[in-house]
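One structure is given here, and the rest of the page talks about it.
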Amino acid sequence: MTSVEYNDKQRPALAKLDDKGSYIVTKIKVFEQISGPSTYNATLLSSDLISDKSLGKVLDICYSPGTEGIRKEAKRFYSIIASIENVKFDLNKQLYTYKIEGIDPLSILAYRTSSQVFQDMTTKQIIEKVLSDSGLKTHFKLSMRSAGIKHRYCSQFNETDSAFLQRMMASEGWHYHVDHSNKKPCVVIADSNQDFKTVEGTSIAYIAKAKDKRNAISQWCFKNVLGTSKLSLADFNHESAEIIDSGDRLSSSKSKMNALACHFFGQGNADKSTIRDSAKKQMEHLDSQKMLISAACSNTVINCGQRFKLTDHTESDFNQEYVITQAIHVIEANEGGHNTEYSNEFQCVPANITWRPTFLAKPSIYSIQSAVVTGPSNEETNQDNLGRIKVHFHWDKHGQTNEKSSCWVPVAQATASNGFGMQFIPRVGDEVLVSFIDGDPDRPVVSGSIYTKKNKPPYSTPTQSGIKTRTTPNGNNSTANELRFEDKKDKEEVFLQAEKDLTINVKKDKKQTIAGLMTLDVTKTVSMKSKEAMSLESEDAFSSKAAKDISFESDASVTTKAGKNAEVSASSKVSIDGQTIELKGKTKIKLSVGANAIEISASGIKISGTQVTIDAKGNANIQGTMVKVEGKAKADLKGALVGINGSAMTQVKAGGMVQIQGAIAKVN
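Numbering (the numbering used here), first residue to last: 634 to 1301.
If you want it as structure tokens, here you go:
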């Protein structure tokens, strides 16, 4: 870029673009304000075209009033060039007329929009991070006495860096203004009225009694405004499940109506200390708007963001210190840049009123966002003791996809009560839908999950639905607990699978009704236990079968009862063992082995067999009204001593011969 070089002593108003040239300035209009955009407009002359390469560079405007040869710099404005407009070309003078617009460094960040998440950072650290990423950090000076709130989670979503930083500063009650003392535009961020420098000379006189009329304040108008008398804030802390309240913050204004109260809910304050401090600063802002003073003069010491003391006002109450909150500077010259005039208009507030910026609400997110559940590397689950998870939003280009990707995000459940309700926690890698409490981007809550091509549904058949979990770690689709419903006509089914154990706890009664068959197939042992009576009943046949032994055991009696026949059969041996064994038949009892039998009936006992042996180790007694011992071939009675005794008569009779033989035979 080339330009016509002018002697600085020839023109009172000159400009440099990116430290190049000294362009004649014919008009300057500067608008500056505390905690708001500032603009620097200059109309200048150039013999050459001004390149667009100057955009984003520093615009340096210098005003040095006086006469040729005796000029002193009175005003210097530095800004960032935002636009270059050619509005005229003078054929006779071969000069281009340009309108150059400069803006403050913070306003430049309106051209930068980001979506990102900040975690465990103070407000100051967040501001420093954004400024560092923007490349404009050298144009800012942070003069706060504290680092501000430490944010567990703070999001910037589709928000310009300028709007985001202003919002963050306003939430702390920090103000900013542009300083021009270091040969570049510098945005000073501060938190106290004491950070506003005093103007050169400290005081400015009111014109009525001023000795120096030219530099005196020529216009002084004031406005008193009725406003809010008290303010309170409230929020709900979802982690502690309690309402936090700031209490009432009263206005410091003497003129107030007590009924003019404001109550705001849901600004996102996390604790009582923060909400009380925020209420205090918001009330201070409202108080700073209740007395507005507009003034004007031609004194070049007036600068926005500075303090001065008013003197010589006819109303002594006005003779105090003020903070300049807004200023408009106008410098005009003729077409050749000669005969300039400077004037300003400004607004101010008493310095004893703490100046705070307007509270700026967060941009609300009323839509549903999608995100991916995150966690430590190689972990399939990641949740805290409240069932909260961490997620990574697709728009968070700077965020991490691990356990540090977000704050702990609560998961909405169908019911969530004290120790009971439903609990289904999305796994790492799941796609989830995220809503925001009160639309607050810093209060996300998972409202559901969705399937994707990566995470496919468990059932491809449209008639099937259900719940299917998966074994962790290292599970797959077949290693799962599952409750599945099949609704296909004539194939309806409820399927329940326990990947390992199935435990059912019924604290009172359990009743099952099965209209069809019931099949129970157990690979290992089956054990049933009842503390009270147990019964099994069938309206048809009942059978039990075992590949090995069957054992029935009772600490009391065992009773087997049949309506008709009862049969015990064994291919080898049947044993009955007891202190007393009793077999009872109403008609007959018969024990038989082949042709041998013992038969007990109402008429008597009959023993029949190929051979019958009665062998007693002690006595053997055969007793009856009539006893008959008969052998078809032979009958022997044998013993060391054999006695035959008939109490009435004993008859020994033989069809042939009777032989009585012994060492001694006595018949008497």
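We put the beta carbon where it would ideally sit given N, CA and C, even for glycine. Quick caveat: nothing in here was measured; it's all calculated off a predicted structure.
Using a Cβ distance threshold of 9 Å, G806 and P990 count as a contacting pair. According to the DSSP secondary-structure assignment, H784 is paired through a beta bridge with M754. For F1118, the CB contacts under 7 Å within the same chain, skipping 5 residues up- and downstream, are Q1097, S1098, G1099 and V1127 in chain order. For E1119, the enclosing beta strand (DSSP E) begins and ends at E1115 to E1119.
By the Cβ-count criterion, Q959 is buried, with 16 or more other Cβ atoms from all chains shown falling within 10 Å of its own Cβ. By the Cβ-count criterion, Y673 is buried, with 16 or more other Cβ atoms from all chains shown falling within 10 Å of its own Cβ. Residue environment analysis places N826 among the buried positions, since at least 16 neighbouring C-beta atoms fall within 10 angstroms of its C-beta. Within the same chain, Cβ atoms closer than 7 Å to the Cβ of A912 are found at L864, S865, L866, S879 and R882, the five residues on either side in sequence being excluded. The three-state reading of DSSP puts Q922 in coil, since its state is none of H, G, I, E or B.
Counting only the Cα atoms, V956 lies some 10 Å from I667.
In this model, T746 and D794 are separated by some 6 Å (Cα to Cα). CA-to-CA, the gap between C930 and N936 works out to about 12 Å.
S1038 is a Cβ neighbour of H1025, given a cutoff of 9 Å. The way I'd put it, the segment 934–954 does touch the segment 834–842; three or more beta-carbon pairs between them come closer than 8 Å. CA-CA distance, L1224 to A1230, rounds to 5 Å.
Per the coordinates, the alpha-carbon of P1095 lies some 9 Å from the alpha-carbon of D1120. Of the candidates K816, F664, L692 and T1136, L692 places its Cα closest to the Cα of L677.
L798 sits buried, since 16 or more C-beta atoms from the chains shown fall within 10 Å of its C-beta. Under the 10 Å beta carbon count, Y1084 is surrounded by fewer than 16 other beta carbons and is classified as exposed.
Around the beta carbon of S788, a 10 Å sphere encloses 16 or more other beta carbons of the protein chains shown; the residue is thus reported as buried.
Contact between F664 and I1022 does not hold, since their C-beta atoms are separated by about 49 Å, which reaches or exceeds 8 Å. Along the segment 839–873, the beta strand (DSSP E) occurs as fully enclosed runs of 3 or more residues at 850–857 and 863–870, listed in sequence order. P1090 counts as exposed, since fewer than 16 other C-beta atoms from the protein chains shown sit within 10 angstroms of its C-beta. For F1053, the closest alpha carbon among the candidates K1162, L1019, Y729 and C1040 is that of L1019. For K913, the three-state secondary structure derived from DSSP is helix. Of all alpha-carbon atoms in G1196, K923 and S1184, the one lying nearest the alpha-carbon of E1172 is that of G1196. Runs of the beta strand (DSSP E) lying entirely within the segment 948–1015 and spanning at least 3 residues, in chain order: 954–965, 974–983 and 1002–1007. Counting along the chain, the unbroken beta strand (DSSP E) around I877 starts and ends at E875 to D878. Using a C-beta cut-off of 8 Å, the segment 704–718 makes contact with the segment 733–750, since at least three inter-stretch Cβ pairs fall below that distance. Closest in alpha carbon position to N977, among V963, P983 and E1125, is V963.
Under the three-state reduction of DSSP, S747 is assigned to strand. D812 has C819 as its beta-bridge partners, per DSSP. The shortest CA-to-CA distance from P818 to any of Y711, G899, F979 and A892 is the one to Y711. Looking at the DSSP output, Y1084 shares a beta bridge with no other residue. For I1183, there is no enclosing alpha helix (DSSP H), as DSSP marks it with neither H nor E.
Straight-line spacing of the CA atoms in N1051 and W1041 works out to 19 Å.
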